[in-house]
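The opening position of the sequence shown corresponds to residue 3 in full-length UniProt numbering, with each subsequent residue numbered one higher.
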Amino acid sequence: ASPTVLSALADGVLTLTLNRPDKLNSFNEDMHLAFREGIQRAHDDPAVRAVLLTGAGRGFCAGQDLGDRDPRKGGPAPDLGRTLETFYNPTLRLIRSLEKPVVCAVNGVAAGAGANIAFACDIVLAAKSAKFIQAFARIGLVPDAGGTWSLARTLGEPRAKALALTAEPLMAEKAADWGLIWKAVEDADLMTEAEALARSLAAGPTLGLGLTKRLIQQAATNSLDQQLDAERDCQQQAGRSADYAEGVTAFLEKRPARFSGK
Ligand code: T3D
């Protein structure tokens, strides 16, 4: 069987491609584990300086594989709290705590947890034909994979509630207008743009970028005073990095910087 997540490292970019196209890349247990392993590798491998996440085929990800949840097969109702705790939640935490940029190229429909995994990434580009669907309401579930958190924070309650309660599709351009994603691009340009962005981030000052990600994520729960202190501490750390020395030297020498990521 083909791997459920394709993984390739080039130019510092670890590309993870969800690979169950016949099921619109919905998550079975194997794909959960392979995806988590990929993000864990990004944590552990210093050669990885950015991640690019996308989907194979016409969809990005349709959330949980509902074939694995078929009540007609009998047996007790699944404990979905446990499956979140075992699969989605650790992966979401790994994406958010990874101090390297995660670019998401949403190549087609992103539904259920598939949409919310995209929203957990740092920079999201979507094909103009892609749509985001909080499909949970259609099957009696609540948004998960951080969806209630990211939608409420990014959109505010009115839009978050409308999307989650109606499960109406949100097209990529509107998602960009609403600030849920970075931008919507022509379908044919999606991968070229996303790959160029990921490569350029991977060639960047990784330590400083990682600290920047951390600071922006902390801002939502910090007071201004706490945030000013956190910026001081992170700047102190960044100021001691080889990449800061290289960045300033390159500026003074009027040449492009060659960052090592340290
Ligand atoms: O269970 C837990 O662990 C709790 C966690 C839950 C997290 C969740 O994500 S719950 C939400 C699960 N996802 C959904 O409810 C979305 C289900 N899919 C759809 O509503 C539609 O497929 C889409 C709107 C995403 C796309 O529609 P469309 O018309 O473009 O495609 P399609 O024809 O529906 O799907 C194409 C194929 O993919 C089809 O298979 P077939 O008929 O060609 O053999 C379809 O069954 C399959 N597919 C799509 N989504 C799923 C799926 N198969 C299994 N699970 C899916 N989620």
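Don't be surprised by glycine CBs; every beta carbon is placed ideally from N, CA and C.
As the structure is a computational prediction, the values presented were derived from the model and not from experiment.
As DSSP reads the structure, Val105 sits in a beta bridge with Leu54, Ile125. Secondary structure of Ala113 (DSSP, three-state): strand. Residue range 192 to 204 is occupied by the alpha helix (DSSP H) that includes Ala204. Boundaries of the alpha helix (DSSP H) harbouring Lys176: 174 to 179, taken from the DSSP string. DSSP, read as helix, strand or coil, puts Ala64 in coil. Secondary structure of Val250 (DSSP, three-state): helix. Counting only the Cα atoms, Asp227 lies some 43 Å from Asp189. In this structure, the ligand T3D has a non-hydrogen atom nearer than 6 Å to the beta-carbon of Arg71. Taking a C-beta distance under 7 Å as the contact criterion, Trp184 and Leu157 do not qualify as a contact pair.
DSSP places Ile119 within a helical segment (H, G or I) once states are collapsed to three.
Going by DSSP, Ala240 is part of no beta strand (DSSP E) but of the alpha helix (DSSP H) stretching over 226 to 241.
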